[in-house]
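Please read the structure below before turning to the comments.
Protein chains in written order, with this note's numbering: chain U, 1 to 366; chain D, 1001 to 1366.
Next comes the structure, spelled out in structure tokens:
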């Protein structure tokens, strides 16, 4: 399988939704498989909040690190690299090689930090479209993504309705929810209130590890299913004994969330987390339009929608709204509501059902 | 109505569950109404996590501040002060006048801070029993409480089964849950990681306001029902406009959680929050016994159990366990599962249903 990881510099101004302008930007991306001569086999996979362009790996020695959606992409897999030219790019504002707050602001010769402009899902999709232009892809066979990646797939349908033939949207929503507005704000505050955050200017200094850890610990409490917690950890003490009568986090589950919190900082740039969650806050597919019907009026693609009954972040009703709006335009679409106690994260952590649906959808689209 | 607020000093050693000893301690308490000559009309109301002895007020000019369960206690109310002698005491470890981490550790002539010993629900109940002794109450007509107060009422049934004739347990559980272990740990970490926390030694210095605020913001995300959030705040921007494309918390809901966070510090001592949540972590009514049946073997009281279908912290199934164990001893008990979208907090914030059940239960106990 052909694999390539690159970063491309765009030496051209990008006007952002906010009206601010980025004078040039980088997009890091990976491709798997080859573009055919008709240039009609390209698939864009959009990544979730803390992922990156490395959607798959482990398939050759040059790239042993497994990707974030390893089960979905590869030879003979649902996104079959023998048939499709798969592209996954790091989002604008991210920290996986694309321009974001950790990039150098050239006039200042220092990382942007909080001087980076606020970017939206629409801005991210615009950079993906420019990347597609460079790669010779006019129309994507499929644009796919889950959660934040699903936001991007939906935004493609609005921004470039003629440039995709199929869309796969998983565990997403046409707009954020009040609860999500709150949880992202708390996560941002956990980071911002760490003195080491230093107004976002921590590069080359001490990282706000404590705040990032806290944000991650809070995240576990929000993402992890209560039944899973309970089945996996129960009320066991780490020492297999009874109470120590100290203030130590002596229960196994408490030790677990501390451990996850300690690992958080190594994985992701705190400023990127702030910018990307802000983009999620702003996500409202119909902003500036009357309703979803109007948003989809130029869409021509087939759409696969996958939701989970236990996804309380973006419940099936919100996915249903998308399906209804598409059906109002007689656009072929199928909504599947699956069961999994992994809820919102099921498409990654309990992916079998989703992968089978994607496989069938892709085969039927050949 | 007779009302009295006092603090009593116990000049006697209190051996704690941990084996440590407190050489003397204070208990702050309030009483409402009068003890009758038979001394059989005393009702102990146990308070929730961040409340205090001031369960009711506003009934005379000397005490205008409303209490935390104003609707339940007073003349003609479910806990009728014309009939009952109501006692509510601040828990050991609290910050409402009873001995806790903000109290002076006499040998050191400085606040205990984190040198305060870890205390458990059982320790708290032991101090309430000593208070009852002093007030001339051998057997309580009723011991009542919700959430953490419900833990105390249950502990009364275990520790002093002959000293209560009726129990009212609301929104509680016979033992904590894995999810609760996690959320208290995150809340404690939010406080502890604030540099102003200073290892618990912040008295007379700068309070860990940032950490307490963050803990409170996190708390909102955990306690507040998602539908209530959504109905009340939706996706409205504070300025009634659209995106500002800044990193400000510009949505109304975000402004709300910031506001609540700012008020948090004035209300409660951070160290007390740490100690009391630790006591909740340790709460397991059957610790050291075979099962709940064994715990209740000496109980003789009637029990009213009130749960809420939407209380995911301590779901009705956990209250059901209590009911089953009591029924196994043929002890009269009734479990009511009410509807409210206030979930765990409903007995305070949407209390009508619970108050009517308490009223009926108290009348039938006359």
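Yeah, the Cβ is synthetic: ideal placement off N, Cα and C, and Gly gets one too.
Taking DSSP as the reference, what is the three-state secondary structure of residue i?
i                       : result
residue 1172 of chain D : coil
residue 349 of chain U  : helix
residue 134 of chain U  : helix
residue 1333 of chain D : strand
residue 1021 of chain D : strand
residue 47 of chain U   : coil
residue 1030 of chain D : strand
residue 244 of chain U  : coil
residue 111 of chain U  : strand
residue 233 of chain U  : helix
residue 1011 of chain D : strand
residue 148 of chain U  : helix
residue 342 of chain U  : coil
residue 42 of chain U   : strand
residue 225 of chain U  : coil
residue 1089 of chain D : strand
residue 1106 of chain D : coil
Name the DSSP bridge partner or partners of residue i?
i                       : result
residue 1118 of chain D : In the DSSP output, where bridge partners are listed per residue, residue 1118 of chain D has none listed.
residue 74 of chain U   : U:80
residue 1367 of chain D : An answer regarding residue 1367 of chain D cannot be provided, because it is not within the stretch 1001 to 1366 covered by chain D.
residue 1006 of chain D : D:1029
residue 1160 of chain D : In DSSP, residue 1160 of chain D forms no bridge with anything.
residue 1361 of chain D : Per DSSP, none; premise fails for residue 1361 of chain D.
residue 1251 of chain D : D:1237
Taking CB distances under 8 Å as the criterion, tell me whether residue i reaches chain D.
i                      : result
residue 290 of chain U : no
residue 123 of chain U : no
residue 186 of chain U : yes
residue 245 of chain U : yes
residue 2 of chain U   : no
residue 367 of chain U : The question about residue 367 of chain U has no answer, for chain U in this structure spans 1 to 366.
residue 280 of chain U : no
residue 217 of chain U : yes
residue 234 of chain U : yes
residue 251 of chain U : yes
residue 182 of chain U : yes
residue 114 of chain U : yes
Select from the options the residue whose C-alpha is nearest the C-alpha of residue i.
i                       : options                        : result
residue 1151 of chain D : D:1329, D:1340, D:1362, D:1314 : D:1314
residue 211 of chain U  : U:285, U:30, U:134, U:270      : U:270
residue 1309 of chain D : D:1328, D:1339, D:1147         : D:1339
residue 127 of chain U  : U:95, U:90, U:355              : U:90
residue 1002 of chain D : D:1096, D:1253, D:1105, D:1036 : D:1036
residue 167 of chain U  : U:18, U:233, U:45              : U:45
residue 1296 of chain D : D:1321, D:1064, D:1148         : D:1321
residue 1330 of chain D : D:1190, D:1204, D:1272, D:1301 : D:1301
residue 1146 of chain D : D:1162, D:1216, D:1115, D:1155 : D:1155
residue 18 of chain U   : U:8, U:109, U:117, U:54        : U:117
residue 214 of chain U  : U:201, U:236, U:188            : U:188
residue 325 of chain U  : U:337, U:299, U:341            : U:299
residue 1120 of chain D : U:245, U:274, U:272, U:342     : U:245
residue 171 of chain U  : U:178, U:179, U:149            : U:149
residue 294 of chain U  : U:9, U:15, U:328               : U:328
residue 1282 of chain D : D:1104, D:1085, D:1107, D:1122 : D:1122
Any beta carbon from chain U within less than 8 Å of residue i's own beta carbon?
i                       : result
residue 1175 of chain D : yes
residue 1212 of chain D : no
residue 1010 of chain D : no
residue 1025 of chain D : no
residue 1342 of chain D : no
residue 1189 of chain D : yes
residue 1178 of chain D : yes
residue 1207 of chain D : no
residue 1284 of chain D : yes
residue 1118 of chain D : yes
residue 1254 of chain D : yes
Could you check whether the Cβ of residue i sits closer than 8 Å to any Cβ belonging to chain C?
i                      : result
residue 318 of chain U : Of the protein chains in this structure, namely U and D, none is chain C.
Can residue i be considered in contact with the ligand PLP, in the sense that its beta carbon sits closer than 7 Å to one or more heavy atoms?
i                       : result
residue 1312 of chain D : Inclusion of the ligand PLP in the displayed structure is not the case, the ligand content being empty and no account of it being possible.
Going residue by residue through the stretch 258 to 302 of chain U, where are the continuous alpha helix (DSSP H) segments of at least 4 residues, counting only ones entirely within it? 270 to 282, 292 to 295
Where in the stretch 1174 to 1207 of chain D do unbroken runs of the beta strand (DSSP E), each at least 3 residues long, occur, reported from the N-terminal end onward?
none
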